[in-house]
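Peer 1: Quick one: the structure is below, and I'll ask about it shortly.
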Amino acid sequence: MRMPDTSETLLQVEGVSLAFGGVKALRDVSFDIRKGEIRAIIGPNGAGKTSMLNVINGFYHPNHGAITFKGRTRAEMQPFEASRGGIARTFQNVALFKGMSALDNIMAGRTLKMRRGLLWQMLRYGPALAEEIEHRHRVEEIIDFLEIEAIRKVPVARLPYGLQKRVELGRALAMEPDLLLLDEPMAGMNLEEKEDMSRFIIDVNNHYGTTIALIEHDMAVVMDLSHRVAVLDHGVKIADGTPNEVKKNQGVIDAYLGIAH
Amino acid sequence: MLYREAGQFKTTYAEDMAIFPIRQDRIALGILLGIAFIGVPLLADFDIWPFGSDYLLRAILLPFLILALAAIGVNILVGYCGQISLGSGAFMAIGAYSAYKLGTGVHIPLTWLDFAISIPPLPVLLAILLGGLTAAVVGILFGIPSLRIKGLYLAVATLAAQFFFDWVFLRVSWFTNYAPSGSVNAPTLDFFGLNVGTPIERYMLCLIFVTAFAVLVKNLVRGNLGRQWMAIRDMDIAAELIGIRPLYAKLTAFAVSSFIIGVAGALWAFVYLGSWEPLAFSIDRSLQLLFMVIIGGLGSIMGSFVGAAFILILPILLNLIPTQLGVPLSTETITHLEFIIFGSLICFLLIKEPHGFARLISIGKEKLRLWPFPY
């Protein structure tokens, strides 16, 4: 497995706390994501993993703490800042555009890269058509990469769950992100689908050099895929390190197996 | 057997992205356009059935074309962008009245400044397009609430637009050039020296407008902006996270939609009605347009045409059938029957196919491709 070639930090989360009324979802969590690595965030249900991703891409605004992305420190991210800055995201429950085809879903991921205005698009002639074709080219590469050629014109609502997850990954890849956040990319998949998805994640990381942060419950997958693992429990970071270090950590074992009080 | 795409290989993305990538569809469309642009005028010219009188042109084709155009506008907002609007009638009225004001000359005396804004009467074509533009601006204003409220609550907000403009055009007599009855007459339809007067000329004018707008809108909805609209409709949170700005997507949908509805309103007033009063654009019109879009197919340009045809032509047919069959029914009974049958047909259709005629047609096409085999 390829190791990340730099130790340059892409994203740094410092002392982030997030509360919904009395519920403290995150308590003073700090961790970093280095450029080019696959970073896993694990933890039992309700540990605050998805909240963490939502903080990173600006969907939740933390009560305390700071987020440094690409050298710029902010108290909170905004969704448009995150997407413009190159953070893409997939969701735990697939959040595709149900009424559109797989192709259109992935094309929608290229919105930020398309420049032609309303009038040009209306005429769909000359530069507007050229732009559309150019981006279609890029999208077809992604379709090729994810091996979903056969379903490109099928409305996504009609696709089986595993393929929907793949289309969603395609839409995120279409943004050509620097940081890709995957929220349980393998939830509800069978073994073969998990193997396919793992292969895609490793390939994305290898080919495009995309930094990946993923949440996953399948420990075998996490231990095999990731370079470094952060463990959350009840909104607190209880361990951080390589898969092997984390595996041996007594706190992690207790969190997962439960301890007698 | 005729509807096969075997052997039609596409070698460029441009070919694959065509509106009608299948040859048979292109031929069908060509025939349809041929009939509309050449067949109908020829038949009407020689007074061949069913063009013995102007009835078909004046009472069916003309309103069909204009309302289909308005339905396209509504479909952009409701079908593509998912923002329910009950104010379409108001935007037609805005288009009609601003085109009327611009076509007859605008005079705004600003007495406290000792100054008056005067615009001489503009050419009709310009007046109609500027009428659409005015509707677009007002549409953007009334679209701003959509940034905060969704679904049925937005529908109520657009309903406010409907009632507000009903009131404005009824009570503010500046808009009707102080006509005592509140009814106004359209200016002469003079297009570059060409006087559009006879029914066939009016039909051709509307046909050109509808065809041009249908093509432009189709381009828009299959391009980047169309994908943004549909993304907002289907999953606004995910749309925001891939970089779509809800503000831009929603307000452009309101603007384009209102522009087209405004142009349709101006055509409705100038070309179809000739003289009209505010009642022509009441809430009934808004609902009629919404039904057209829902029955024809949300998110489909073709559906807008089919929906307009269904809503407009079916009642007329239902009305004609008993008379043609010679069934002795009183006119009143026929009218009631018409309502009953029409209403139950709509219910039946929405239960059987909630996505409207457009979906029915595309299912039919898929079946036809495989026919005579089931799969």
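If you read the sequences in order, they're chains A and B. The numbering of the first sequence is the UniProt record's numbering, which starts it at 1 and goes up by one. The numbering of the second sequence is the UniProt record's numbering, which starts it at 1 and goes up by one. Backbone N, C-alpha and C fix where the C-beta goes; we use that ideal spot for every residue, glycine too.
Kindly indicate the opening and closing residues of the beta strand (DSSP E) around Pro-63 of chain B.
Peer 2: Position 63 of the second sequence, counting from 1, holds the residue named residue 63 of chain B. Run containing Pro-63 of chain B: none in the beta strand (DSSP E); it sits in the alpha helix (DSSP H), 62 to 74.
Peer 1: What separation, rounded to the nearest whole angstrom, lies between the Cα atoms of Met-17 of chain B and Ala-230 of chain A?
Peer 2: Sequence index remark: in the second sequence, residue 17 of chain B carries index 17 (1-based). Sequence index remark: in the first sequence, residue 230 of chain A carries index 230 (1-based). Answer to the nearest angstrom: the Cα atoms are 45 Å apart.
Peer 1: To the nearest angstrom, how far is the alpha carbon of Gly-265 of chain B from that of Phe-91 of chain B?
Peer 2: As a first step, residue 265 of chain B must be located in the second sequence, where it is residue number 265. As a first step, residue 91 of chain B must be located in the second sequence, where it is residue number 91. Roughly 7 Å separates the two Cα atoms.
Peer 1: Please return the same chain residues whose Cβ sits closer than 7 Å to the Cβ of residue 381 of chain B, not counting the five positions on each side in sequence.
Peer 2: Absent from the structure is residue 381 of chain B, since the part of chain B shown begins at 1 and ends at 375.
Peer 1: Scan the segment 67 to 147 of chain A and note each continuous alpha helix (DSSP H) run of 4 residues or more that stays entirely inside, going in chain order.
Peer 2: Listed in chain order, the complete alpha helix (DSSP H) runs (minimum 4 residues) inside the segment 67 to 147 of chain A are 79 to 85, 102 to 108, 118 to 123 and 127 to 145.
Peer 1: So is Leu-318 of chain B in contact with chain A if we call contact Cβ pairs under 8 Å?
Peer 2: Taking the second sequence and counting its residues from 1, the one referred to as residue 318 of chain B is at position 318. No, no contact with chain A.
Peer 1: Just to confirm the assignment, what range does the beta strand (DSSP E) spanning Thr-12 of chain A have?
Peer 2: Taking the first residue of the first sequence as 1, we reach residue 12 of chain A at position 12. First, the residue type needs correcting, since residue 12 of chain A is Gln and not Thr in the sequence shown. 9 to 20 is the span of the beta strand (DSSP E), which, as asked, contains Gln-12 of chain A.
Peer 1: Listing by chain order, which chain B residues have their CB less than 9 Å from the CB of Gln-12 of chain A?
Peer 2: The residue labelled residue 12 of chain A in the question sits at position 12 within the first sequence. Here the premise fails: no neighbours, minimum Cβ distance about 21 Å.
Peer 1: Who are the near neighbours of Ala-239 of chain A in its chain, counting only those whose CB is closer than 8 Å to its CB and skipping five residues on each side?
Peer 2: Within the first sequence, residue 239 of chain A is the residue found at index 239, counting from 1. Same-chain partners within the cutoff: Val-229, Ala-230, Val-231, Glu-245, Val-246, Asn-249, Gly-251 and Val-252.
Peer 1: What residues from the segment 132 to 149 of chain A come within 8 Å of chain B, judged by C-beta to C-beta, listed N to C?
Peer 2: Within the segment 132 to 149 of chain A, the residues whose Cβ lies closer than 8 Å to some Cβ of chain B are Glu-132, Ile-133, Arg-136, His-137 and Glu-140, listed in chain order.
Peer 1: Check whether the Cβ atoms of Phe-259 of chain B and Ala-135 of chain B sit closer than 8 Å, and answer yes or no.
Peer 2: Against the second sequence, residue 259 of chain B aligns to sequence position 259. Against the second sequence, residue 135 of chain B aligns to sequence position 135. It is a contact, given that the beta carbons lie within the stated cut-off.
Peer 1: Could you check whether the Cβ of Ser-83 of chain A sits closer than 8 Å to any Cβ belonging to chain B?
Peer 2: The sequence position of residue 83 of chain A within the first sequence is 83, counting from 1. Yes, contact with chain B.
Peer 1: Provide the residue(s) that pair with Ser-118 of chain B in DSSP beta bridges, ordered along the chain.
Peer 2: As a first step, residue 118 of chain B must be located in the second sequence, where it is residue number 118. Its beta-bridge partners are B:His-107.
Peer 1: Assign Arg-152 of chain A to one of three DSSP states: helix, strand, or coil.
Peer 2: Indexing the first sequence from 1 puts residue 152 of chain A at position 152. DSSP places Arg-152 of chain A in coil when its eight states are reduced to three.
Peer 1: So, with DSSP's three-state summary, where would you put Ile-42 of chain A?
Peer 2: Indexing the first sequence from 1 puts residue 42 of chain A at position 42. Ile-42 of chain A: strand per DSSP, three-state reduction.
Peer 1: Would you say the segment 153 to 172 of chain A touches the segment 126 to 136 of chain A, given that touching needs at least three Cβ pairs under 8 Å?
Peer 2: Contact fails: fewer than three Cβ-Cβ distances are below 8 Å.
Peer 1: If you draw a straight line from the C-alpha of Leu-83 of chain B to the C-alpha of Gln-162 of chain B, how long is it?
Peer 2: Taking the second sequence and counting its residues from 1, one reaches residue 83 of chain B at position 83. Taking the second sequence and counting its residues from 1, one reaches residue 162 of chain B at position 162. For the record, residue 83 of chain B in the displayed sequence is Gln; it is not Leu. The straight-line gap from Cα to Cα measures roughly 15 Å.
Peer 1: Using a Cβ-Cβ cutoff of less than 7 Å, which residues in the same chain neighbour Leu-329 of chain B once the five nearest sequence positions on both sides are dropped?
Peer 2: Walking along the second sequence from the start, residue 329 of chain B turns up at place 329. Answer for Leu-329 of chain B: Pro-322, listed in chain order.
Peer 1: Roughly how many angstroms lie between the CA atoms of Trp-120 of chain A and Phe-169 of chain B, to the nearest whole one?
Peer 2: Position 120 of the first sequence, counting from 1, holds the residue named residue 120 of chain A. Position 169 of the second sequence, counting from 1, holds the residue named residue 169 of chain B. Each residue's alpha carbon lies about 35 Å from the other.
Peer 1: What did DSSP end up calling Trp-174 of chain B once you bin it into helix, strand or coil?
Peer 2: Locating residue 174 of chain B in the second sequence gives position 174, counting from the first residue. If DSSP states are grouped into helix, strand and coil, Trp-174 of chain B belongs with coil.
Peer 1: Going by other Cβ atoms of all chains shown within 10 Å of its Cβ, with 16 needed for buried, is Cys-347 of chain B buried or exposed?
Peer 2: Stepping through the second sequence from its first residue, residue 347 of chain B is reached at position 347. Label assigned to Cys-347 of chain B: exposed.
Peer 1: If we define contact as Cβ-Cβ less than 8 Å, is Leu-112 of chain A a contact residue for chain C?
Peer 2: Of the chains in the structure shown, none is chain C; the protein chains are A and B.
Peer 1: Cβ closer than 7 Å: which chain B residues qualify as neighbours of Asp-178 of chain A?
Peer 2: Here residue 178 of chain A is taken as the residue at index 178 of the first sequence, counted from 1. Result: empty, since nearest Cβ-Cβ is about 14 Å, beyond 7 Å.
Peer 1: For Ile-208 of chain B, count the other beta carbons within 10 Å of its own beta carbon; 16 or more makes it buried, fewer makes it exposed. Which is it?
Peer 2: The residue you call residue 208 of chain B lines up with position 208 of the second sequence. Answer is exposed; the Cβ neighbour count stays below 16.
Peer 1: Should His-135 of chain A be labelled buried (16 or more other beta-carbon atoms within 10 Å of its own) or exposed?
Peer 2: For this step, residue 135 of chain A is matched to residue 135 along the first sequence. With 16 or more other Cβ atoms within 10 Å, it is buried.
Peer 1: Tell whether a beta-carbon distance below 8 Å holds between Leu-67 of chain B and Val-271 of chain B.
Peer 2: The residue you call residue 67 of chain B lines up with position 67 of the second sequence. The residue you call residue 271 of chain B lines up with position 271 of the second sequence. No. Outside cutoff.
Peer 1: So, are the CB atoms of Phe-310 of chain B and Ile-294 of chain B less than 8 Å apart?
Peer 2: Taking the first residue of the second sequence as position 1, residue 310 of chain B is located at position 310. Taking the first residue of the second sequence as position 1, residue 294 of chain B is located at position 294. No.
Peer 1: Give the C-beta separation of Cys-81 of chain B and Ala-214 of chain B to the nearest angstrom, bearing in mind that I take them to be a contact with Cβ-Cβ under 8 Å.
Peer 2: The sequence position of residue 81 of chain B within the second sequence is 81, counting from 1. The sequence position of residue 214 of chain B within the second sequence is 214, counting from 1. Incorrect: roughly 18 Å between the Cβ atoms, too far for contact.
Peer 1: Taking Cβ positions only, does Ala-75 of chain A come closer than 8 Å to chain B?
Peer 2: Sequence index remark: in the first sequence, residue 75 of chain A carries index 75 (1-based). Not one chain B Cβ lies under 8 Å of Ala-75 of chain A.
Peer 1: With H, G and I counted as helix, E and B as strand and the rest as coil, what does DSSP make of Ile-238 of chain A?
Peer 2: Position 238 of the first sequence, counting from 1, holds the residue named residue 238 of chain A. Residue state, collapsed to three classes: strand.
Peer 1: Is the beta carbon of Val-184 of chain B sitting closer than 8 Å to the one on Ser-118 of chain B?
Peer 2: Looking up residue 184 of chain B in the second sequence gives position 184. Looking up residue 118 of chain B in the second sequence gives position 118. It is not a contact, given that the beta carbons lie outside the stated cut-off.
Peer 1: Quick one: grab the DSSP three-state call for Thr-211 of chain A.
Peer 2: For the purposes of this step, residue 211 of chain A is identified with residue 211 of the first sequence, where counting begins at 1. Strand.
Peer 1: When you check each C-beta in the segment 229 to 243 of chain B against every C-beta of chain A, which residues fall closer than 8 Å?
Peer 2: From the segment 229 to 243 of chain B, only Met-230, Ala-231, Arg-233, Asp-234, Met-235, Ile-237, Ala-238, Ala-239, Glu-240, Leu-241, Ile-242 and Gly-243 have a Cβ closer than 8 Å to chain A.
Peer 1: Between the C-alpha atoms of Arg-369 of chain B and Glu-353 of chain B, what's the straight-line distance to the nearest angstrom?
Peer 2: As a first step, residue 369 of chain B must be located in the second sequence, where it is residue number 369. As a first step, residue 353 of chain B must be located in the second sequence, where it is residue number 353. Those two C-alpha atoms are separated by around 20 Å.
Peer 1: Kindly indicate the opening and closing residues of the beta strand (DSSP E) around Lys-24 of chain A.
Peer 2: What you label residue 24 of chain A is simply residue 24 of the first sequence in a count that begins at 1. Run containing Lys-24 of chain A: 23 to 34, per the beta strand (DSSP E) assignment.
Peer 1: Per DSSP, what are the beta-bridge partners of Asp-233 of chain A in this structure?
Peer 2: Your numbering for residue 233 of chain A matches position 233 in the first sequence. Looking at the DSSP assignment, Asp-233 of chain A forms a beta bridge with A:Val-236.
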